[in-house]
Amino acid sequence: MAYNKPIPDPEPYSTQPFWDGAKQGKFMLPRCTDCNRAHWYPRIICPFCHSRNIEWFEASGEGWVHTFAVQARAFGGWADEAPFVTAYIDLKEGDRIFTVLRGVDASKPDLAWVGKKVKVEFDQANDDVFVPFWRVVD
Ligand SMILES: [Zn+2]
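For any residue, its number in our numbering is found by taking its place in the sequence shown, counting from 1, and adding 2.
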């Protein structure tokens, strides 16, 4: 089935390394070379020490469910998937990312999902954009 959800519009100046990695199945994160901390979302200034020395590296794509919510209604392409689960993921390398969580049954929400290990996977949206999602793997 063709990807029918909103497609992110890569911003060449600040996020191109992320999209280039995603196309190869790699989860890229920005990291400050002064304080060595990874951050999400991508910025040109480190949110921790305000350095402008940012590099991109291939992260593990692993993390844990921080919290979640069941979305009973949605619009556009997402309406086809409702109900589904959105979640914040604590990334192994640090910081937190928002996702649609996979590998869980949205009709049976369970607080035991909090802390579950997750792994990134990518959906091809078009020739250039691969969208990351996280799936519960334990
Ligand atoms: Zn820093």
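C-beta: ideal position from N, C-alpha, C; glycine also. Since the model is a prediction, treat every value here as computed from it, not as a measurement.
In this structure residue 120 is buried. Its beta-carbon is surrounded by 16 or more other beta-carbon atoms within 10 angstroms. Around residue 53, the same chain offers 34, 36 as residues with beta carbons nearer than 6 Å, after the five sequence neighbours per side are excluded. Annotation for residue 21: the continuous alpha helix (DSSP H) segment containing it runs 14 to 25. The closest CA to that of residue 114, considering only 21, 140, 40, is found on 140.
The set of residues whose C-beta lies within less than 5 Å of a heavy atom of ligand 1 reads, in chain order, 34, 36, 37, 48, 50, 51, 53. Residue 67 sits buried, since 16 or more C-beta atoms from the chains shown fall within 10 Å of its C-beta. When the beta-carbon positions are compared, residue 61 and residue 40 come within less than 8 Å of each other.
With a beta-carbon spacing of about 20 Å, residue 65 and residue 107 fall beyond the 8 Å limit used to define contacts. Per DSSP, residue 82 lies in no beta strand (DSSP E) segment and is marked neither H nor E. Secondary structure within the stretch 36 to 73: the beta strand (DSSP E) runs of 3 or more consecutive residues, fully enclosed, are 56 to 61, 64 to 73 (chain order). Annotation for residue 121: the continuous beta strand (DSSP E) segment containing it runs 119 to 126.
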